[in-house]
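Counting the sequence shown from 1 gives a position; this note's numbering is that position plus 2.
What follows is one structure encoded as structure tokens, with my remarks underneath.
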Amino acid sequence: VQLQASGGGLVQPGGFLRLSCAASGSIFSINDMGWYRQAPGEQRELVAVIRSGGSTNYAASVKGRFTISRDDAKNKVYLQMNSLKPEDTGVFYCNLRNYHYGAYDYWGQGTQVTVSS
3 VQLQASGGGL VQPGGFLRLS CAASGSIFSI NDMGWYRQAP GEQRELVAVI RSGGSTNYAA
63 SVKGRFTISR DDAKNKVYLQ MNSLKPEDTG VFYCNLRNYH YGAYDYWGQG TQVTVSS
């Protein structure tokens, strides 16, 4: 499985960005697709996840501001980020978790998001 993330950049506080991630390879029908953020000196943390059935979970810090969605026909996952704050800054990684007699994680290369005036 390969994941290609895009859409990061520099944005002012209050601005918005849309991240995209394209998956290719052996993608099983039951899977989760998600976004994780890693700030400098910190551990990677979950931002949002969307399951193959469509249910979603968000980190408390982004609820109401970020929206995760997926297009299974294109094997893509998106993260719409609104009302961005400086604390949202970090490298955002796309994740695919395949479920087939176990769980298997795959990661994209990361895309930098910087929120600063």
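All C-beta atoms in this analysis are idealised placements derived from N, C-alpha and C, irrespective of residue type, glycine included.
- [ ] Spatial neighbours of residue 59 within its chain, please: CB distance less than 6 Å, with the 5 preceding and 5 following residues excluded, ordered by chain position.
- [x] 51
TODO: Please state whether DSSP places residue 89 in a helix, a strand or coil.
DONE: helix
- [ ] Return the first residue and the last residue of the beta strand (DSSP E) that residue 114 is part of.
- [x] 113-117
- [ ] Could you check the C-alpha separation between residue 26 and residue 5 for me, to the nearest Å?
- [x] 7 Å
TODO: Measuring alpha carbon to alpha carbon, tell me which of 21, 14 and 77 ends up nearest residue 69.
DONE: 21
Open item on the list: Please return the same chain residues whose Cβ sits closer than 7 Å to the Cβ of residue 101, not counting the five positions on each side in sequence.
Closed with: 30, 32 and 33
Task: Paired residues, beta bridge with residue 47 - DSSP - done: 39
Task: residue 16 to residue 84 span [Cα, whole Å] - done: Between residue 16 and residue 84, the C-alpha separation is close to 7 Å.
Open item on the list: Using DSSP's beta-bridge definition, name the partner residues of residue 34.
Closed with: 53 and 99
Open item on the list: Could you tell me the alpha carbon to alpha carbon distance between residue 91 and residue 103, rounded to whole angstroms?
Closed with: 36 Å
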